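The opening residue of the sequence shown carries number 115 in the working numbering; numbering runs sequentially from there.
Just so it is clear, CB atoms sit at the ideal spot from N, CA and C, and this is done for glycine as well.
Here the structure is a predicted model, which means the values were calculated and not measured.
Accompanying notes for the structure given below.
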Amino acid sequence: MSLSTWRVQQVIWGTGGNSLLKTPWLTWLGVAAMIIFVASSLSSETLNSETSNESESKAATSKGLKGIASAAAGGSDWMIGGYGGVSHTHPTEVRVVNPGRTDFTVKDFGWIGRPFKSPVYYGIRIQRWPQLGIAGAMLDFTHAKAISKREDVATFSGTHNGKTLPEKQKIGDFFRHLEFSHGHNMLTLNGLLRLSPLAGGIRPYVGFGGGISLPHSEVGIHTENARTYEYQFAGFVGQALAGFQVRLGRATLFLEYKFTYAPYDIPLSHEPRGWLLVTDLWRQFSAWWNGEKPPGGRLTTTLMSHHGIGGVMFHTKPAIATNTAN
């Protein structure tokens, strides 16, 4: 069997029973795919229903309804925009494993987001909606942060470089750095569903999706000279969201809550100067493909975060003058 074939099989089926097909993120991606499929079906059914009803009552259709039909025939409405916000990440457990040398777990400490300190919390998204549909799709990029609380007294168990760790110590006394401050970055594809309008033109919506985590990992330990400082592919992420939007001409304002679930599995590469996403990811991929083991082992954790965001989207289509318009 060739090296390439072996690596592909390893990624799909895993080793030691740890198949990717059994990991939690697959459930999220399955849900996201189902939501997007159902959303697309609902959208098609809505447009077909509109067209059918219009044909049946064509003789009595007013000039305004003809305008709606014309707008519907114009295709989809694309939206692009951005947002800011805040996030809260639940306390979590971190494990570091370097076979034959290190295997320890840290728990009972918290994360902070510092959303208003550079680099600030931000996001960029693109949405696609049928003109008369209630279901759409969204590509969403979120830049949040997760920084360990250095003053928290955490619980340690296991060994580091063959030495048993004390049970209690401050995060900052052991780690020089344990953070994703240049980004707990997530790129997701989502299915969206608009609900019935409320008073004042307010339109609620919900959505689900899945994608990839691309954090900028910064991990260093006081007793080691090396640190890991680079963008990485850390695994897959799922998110659920709900919000309200109000359309004002070619712009739509929105407020939204979303929950993200991101299992991390990052190589401690001891790369000290990673800054560019593309080159960092290529270096990580090359090391993985060649079967190179990260010198610092691997760090695993799961970041579960609540996000409150607000922003503005801009439309490619003008609003349709009807109560069912977005």
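According to the neighbour-count rule (16 or more other Cβ atoms, all chains shown, within 10 Å of its Cβ), is residue i buried or exposed?
i, result
"residue 225", "buried"
"residue 420", "exposed"
"residue 392", "exposed"
"residue 191", "buried"
"residue 336", "exposed"
"residue 356", "exposed"
"residue 204", "exposed"
"residue 231", "exposed"
"residue 173", "Only weak support exists for where residue 173 lies, its pLDDT of 41 falling under 50; the value from the coordinates is given anyway. Classification for residue 173: exposed."
"residue 251", "buried"
"residue 233", "exposed"
"residue 280", "exposed"
"residue 292", "buried"
"residue 288", "buried"
"residue 442", "Here the chain has residues from 115 to 440 only, and residue 442 is not among them."
"residue 323", "buried"
"residue 403", "exposed"
"residue 243", "buried"
"residue 325", "buried"
"residue 265", "exposed"
"residue 385", "buried"
Just to confirm before moving on: does the CB-CB distance between residue i and residue j stay below 9 Å?
i, j, result
"residue 412", "residue 210", "yes"
"residue 345", "residue 299", "yes"
"residue 369", "residue 424", "yes"
"residue 310", "residue 376", "no"
"residue 431", "residue 245", "yes"
"residue 197", "residue 360", "no"
"residue 249", "residue 305", "yes"
"residue 472", "residue 321", "Here the chain comprises residues numbered 115 to 440, so residue 472 is not present and cannot be evaluated."
"residue 416", "residue 206", "yes"
"residue 378", "residue 422", "no"
"residue 397", "residue 341", "no"
"residue 282", "residue 269", "yes"
"residue 464", "residue 410", "With the chain represented from 115 up to 440, any question about residue 464 goes unanswered, as that position is not in the structure."
I believe residue i touches residue j by the beta-carbon criterion, under 8 Å. Please report the beta-carbon distance rounded to the nearest angstrom.
i, j, result
"residue 235", "residue 200", "6 Å"
"residue 358", "residue 308", "The pair is not a contact, with the Cβ atoms about 11 Å apart (cut-off 8 Å)."
"residue 330", "residue 294", "6 Å"
"residue 223", "residue 238", "Rounded, the Cβ-Cβ distance is 31 Å, inconsistent with contact."
"residue 395", "residue 333", "About 17 Å separates the two Cβ atoms, so there is no contact after all."
"residue 227", "residue 263", "Wrong, their Cβ atoms sit about 11 Å apart, outside the cutoff."
"residue 195", "residue 428", "6 Å"
"residue 366", "residue 193", "7 Å"
Does any residue of chain C have a CB that is nearer than 9 Å to the CB of residue i?
i, result
"residue 347", "Absent from the structure: chain C. Only one protein chain is present."
Practice task
Count the C-beta pairs between the stretch 295-313 and the stretch 347-355 that are closer than 8 Å, then say yes if the count reaches three, no if not.
Solution key: yes
Handout entry: Segment contact, 8 Å Cβ cut-off, at least three pairs: the stretch 271-288 with the stretch 206-221
Key = yes
Practice task
Note down, one range per segment and in chain order, each alpha helix (DSSP H) of at least 4 residues found wholly within the stretch 360-424.
Solution key: 391-403
Exercise for the section: May I have a chain-ordered list of the beta strand (DSSP E) segments no shorter than 3 residues that lie completely inside the stretch 257-335? Expected result: 267-274, 282-284, 289-308, 316-327 and 330-335
Practice task
Could you pull out every unbroken beta strand (DSSP E) segment of at least 3 residues lying fully inside the stretch 202-258, listed in chain order?
Solution key: 206-212, 216-223 and 236-244
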